[in-house]
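No gaps in the numbering here: position 74 of the sequence shown is 77 in the numbering used here, and each next residue is one more. Yeah, the Cβ is synthetic: ideal placement off N, Cα and C, and Gly gets one too.
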Amino acid sequence: MNILVCIKTVPDVPHAEIDPETNNLIRDGLKMVINPSDLCGLKFALNIKEQVEEDVKISVLTMGPPSAEKDLRDSIAMGADEAYLLEGLEFVGSDTLATSYALSQAAKSIGDFDIVFTGDQTLDGDTGQVGPQLAEFLEMNQVTYVSKIDYVDGHFEVNRESRGGTETVKLNTPFVVTALKDSTGKPSKFALGRNELADTIEIHDLNVNNIDLDPEKIGQKGSRTWVKEVYAQEKSETGQIIDKGSLEENVDFVVELLKKEHVLV
Ligand SMILES: Cc1cc2nc3c(=O)[nH]c(=O)nc-3n(C[C@H](O)[C@H](O)[C@H](O)COP(=O)(O)OP(=O)(O)OC[C@H]3O[C@@H](n4cnc5c(N)ncnc54)[C@H](O)[C@@H]3O)c2cc1C
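Written out as structure tokens, the structure is:
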């Protein structure tokens, strides 16, 4: 069984600050990490490797700058078998459609996959579009917002979360899964005895010269959307927590406050 896990290197946005003057992310000293839900996808893949009796090969793929190689090596240390870096200036400016097209062509050039994992959404772009678009390009079924996946009696059983509850879906390969953040434990960093392999393994380089793709469909040329403006959310005033003692005292305080503001007379 062949499994592909798509990972993206992202800034650690929850710990980032916005420059109040420029409204841009302050990138100095900002850590880059593997997008958290992509690690959940990798963990799902590693669990499947333990559940399925046949041989399972896990490949990881990222489209990004050369520095993303570190995250690919970390994925190998966590248990993945092969790593692919799709890179090149031609991909710069890609929107989600161009990104998922490029990833799909990269995946096709690597081989046939039974399951493709992506995260549900990233910490930076945060669109949640790449997984479903990738499934369309690969012409594979898709199951999104997955919190659990198990191999049971020759097929897969998947829990997908929706606002109304949890839906259990039974399905056969091939399919694309978008893994929900915090859905599963992350892979242990690092699996025993894999550090040396992670340091020495060949990272397969994919680029416009060695995969089959239409140059009109990648980068800015291949993008159907563009970013018009980026701005930081306006900060609203925080509310006041009233805790003057008993319920009566709190109510009296609120009534006085409303009178002062001429809401009550
Ligand atoms: C108009 C426009 C222009 C842009 N220009 C640039 C630019 O110049 N430079 C730039 O860096 N970004 C650019 N971006 C952002 C870029 O399009 C997104 O980073 C990319 O498409 C992924 O979108 P997302 O982060 O919303 O992913 P989501 O759809 O939220 O991601 C879902 C999952 O898809 C997978 N995935 C997403 N991206 C990758 C990837 N690159 N490799 C492997 N797996 C992946 C991951 O598993 C991820 O968890 C641009 C976006 C737009 C809309």
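In the three-state DSSP reduction, glutamine 132 falls in the coil class, being neither helix nor strand.
Residue range 39–54 is occupied by the alpha helix (DSSP H) that includes alanine 48. Close CB contacts of glycine 96 within its chain, under the 7 Å cut and outside five residues either way in sequence, are with Gly222, Gln223 and Ser226 (chain order). About 15 Å separates the CB atoms of leucine 64 and alanine 138; that is not less than 8 Å, and the two are not in contact. The three-state reading of DSSP puts tyrosine 104 in helix, counting H, G and I together. Put simply, the segment 115–133 does not touch the segment 243–257. Fewer than three CB pairs are less than 8 Å apart.
In this structure, cysteine 9 has its CB closer than 7 Å to one or more heavy atoms of ligand 1.
Aspartate 129 has its Cβ nearer than 7 Å to a heavy atom of ligand 1. Per DSSP, threonine 25 has no beta-bridge partner at all.
Taking a cut-off of 8 Å on C-beta distances, the segment 71–85 does not touch the segment 126–142, as fewer than three cross pairs fall below it.
Look at aspartate 185: its beta carbon is at least 7 Å from all of the heavy atoms in ligand 1.
Cα atoms of leucine 42 and aspartate 31: separation of roughly 25 Å, rounded to the nearest angstrom. In this model, threonine 99 and lysine 263 are separated by some 52 Å (Cα to Cα). A Cβ-Cβ distance of about 16 Å is found for the pair lysine 11 and tyrosine 104, leaving them out of contact under the 8 Å criterion.
Close CB contacts of serine 40 within its chain, under the 6 Å cut and outside five residues either way in sequence, are with Gly122, Asp123, Ala182 and Lys184 (chain order).
When distances are taken from the beta-carbon of glycine 67 to the heavy atoms of ligand 1, the shortest one is below 7 Å.
For isoleucine 206, the three-state secondary structure derived from DSSP is coil. Closest in C-alpha terms to isoleucine 29, from the list Gly157, His18 and Lys52, comes His18.
Across the set Glu160, Pro190 and Gly167, the C-alpha of Glu160 shows the shortest separation from the C-alpha of phenylalanine 178.
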